[in-house]
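Since the structure comes first, as structure tokens, the remarks are kept for the end.
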Amino acid sequence: MNKKYLIIGALVVGTLFAVLKISIGAKGKESDVQKPSASSQETMAKELYQQALDFQRNRDNLQAKETYQKILTQYPSYENVESIQKEMEKLNMELIFSNTPTPHTVTHEVAAGDTLGKLAKKYGTTQELIKISNNLKSDTIRLGQKLRVWTGQFNIFVDKSQNILILKVVDEVVKVYTVSTGENNSTPVGEFTITTKLVDPVWFNKGVVVPPESPANVLGTRWLGFDIPGYGIHGTVEPDLIGQSVTAGCVRMRNEEVEELYSIIPMGTKVVIVD
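Position one of the sequence shown corresponds to residue 86 (this note's numbering), numbered consecutively onward.
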């Protein structure tokens, strides 16, 4: 199994273990808990998998996601768990960028004085995400217009040992990205906050200004800066090195992926980095 799914699996299994422990305590004896056989578990997982595929074909992404989540929670040893996780990541991002109502969205009716900036600040989201999910071509919004607004609180977890970045909503895994971290363990560990966001950032390299269009600008197309000077999440001009520990300390992503992250991550987002 790919290493990046071990962390996701651990989160799922941990939840399942807690539920099982409570169940055992209520019964008094572990032997009282009836466990399905391996073959019956496989059959039930396959049935749920087929249901999820049917939901996807019918464009019911929310039900498909919930069904896939049920498989990961109840049957973490199912043979298709990696492909299910990838499908869930795809569905998660489609739901975030769509106008589909979810438990993490509200419908806001535009009132006098509203702007996209004010709404983004009020709900803890980004102007870009409001525009994308409502198919807005400009920043103009109309009085009485109903907008679908994301309210879920994103946070980011970076595991240096695996070179992965996990995007989460509270404790729910949304998507796992392969990234590059610092050479010689130079990426700092701890909890940080996103305090700056830049499109096509200028790179200041030892006093030399490297413009965004320069092939020598290692920052790529986006910058998400931490609350410690000089560190953050950014794009790349060397996508072939993603997955390796080769940076000067920052977290490096593929440009298309950091652009995706940039569009949904508001200022103030928490980032946890571990060894």
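Note that beta-carbon positions come from the ideal geometry of N, C-alpha and C, so glycine has one too.
In this text, all values refer to a predicted model and were calculated from it rather than measured experimentally.
Within the stretch 152 to 186, the runs of alpha helix (DSSP H) that reach at least 4 residues and sit entirely inside it are, in chain order, 166 to 182. Per DSSP, F239 lies in no alpha helix (DSSP H) segment; the continuous beta strand (DSSP E) that holds it begins and ends at 239 to 244. Not a single unbroken stretch of the alpha helix (DSSP H) spanning 4 or more residues falls wholly within the stretch 236 to 290.
One Cα belongs to I226, the other to V195, and the distance between them is close to 7 Å. The count of Cβ pairs closer than 8 Å, one atom from the stretch 151 to 166 and one from the stretch 119 to 138, reaches three, so the stretches are in contact. Taking all protein chains shown into account, K260 has 16 or more neighbouring C-beta atoms within 10 Å of its C-beta and is therefore buried. Taking C-alpha positions only, E167 is separated from I249 by approximately 15 Å. Classified as buried, D244 has 16 or more neighbouring CB atoms from the shown chains inside 10 Å of its CB. G317 is a Cβ neighbour of L309, given a cutoff of 9 Å. The straight-line gap separating the alpha-carbon atoms of E298 and Q148 is approximately 43 Å. In this structure I327 does not touch T266 by the C-beta definition: roughly 10 Å separates them, more than the 8 Å allowed. Inclusion of I169 and Y134 in the CB contact set at 9 Å is warranted, their separation being smaller than that value.
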